[in-house]
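If you number the first sequence the way my numbering does, the last residue is 108 and the count never jumps.
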Amino acid sequence: MENPTFYQQVYEIVSLIPEGRVTTYGAIAKALGSSKSSRLVGTALISAHQPTLSLPIHRVVNSSGLLTGKNHYHHPTMQELLEADGIQVIDDKVQNFNEIFWDPLTEL
DNA sequence: CACTTGACGAGCT
DNA sequence: TAGCTCGCCAAGT
C-alpha cells in the first residue's frame, strides 16, 4: 500500500511477532513512531480479529504482561493460544514477561 | 465536518 | 495495594 493506514502498519508488526514471544501495545505504537498511540494499537486489533487476517494478536499484551484483550476472545481463550506457543500464563499474566518480550524496535 | 470510541500507559489519591 | 483520572489520536458514524 502506498498509503497504509495506521491499522495496516499495526497488522504488519503483529504478523512479525516470533512464536514463543510477546510484545506490547506501547512497543508497537513506538515502533510506528507514535509512542503515545498505544490505544490505537489496541483498537486496531479489534478490527484485526477478523478470521481472514489470522494474525498472532494473542501475542500482544499490555505493558504489565496482562492479557487485557482476553474479553474479546470467544474461544479458544487468549491464554490457551499463548500456552500453545509455549508461553506460560498464570492468572491472565504472561510469565517470564521480561525474557520473552519482543521489542520491534530492537529485534526488527 | 464534529463527536464518539477504545486489546493503553503513566501518574495520582 | 488497588482503583481512578487524564492524555493521546486514528478511524468510524
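Positions of the beta carbon are idealized from the N, C-alpha and C atoms, including for glycine.
The alpha helix (DSSP H) runs of length 4 or more contained entirely in the stretch 10 to 89 are, from start to end of the chain, 25 to 31, 38 to 48, 78 to 84. In the assembly as shown, Pro104 is a buried residue. Its beta-carbon has 16 or more other beta-carbons within 10 Å. Pro56 places its beta carbon less than 9 Å from that of Glu19. Annotation: the continuous alpha helix (DSSP H) that includes Pro104 extends over 104 to 107.
According to DSSP, residue pairing for Phe101 in a beta bridge involves Val22.
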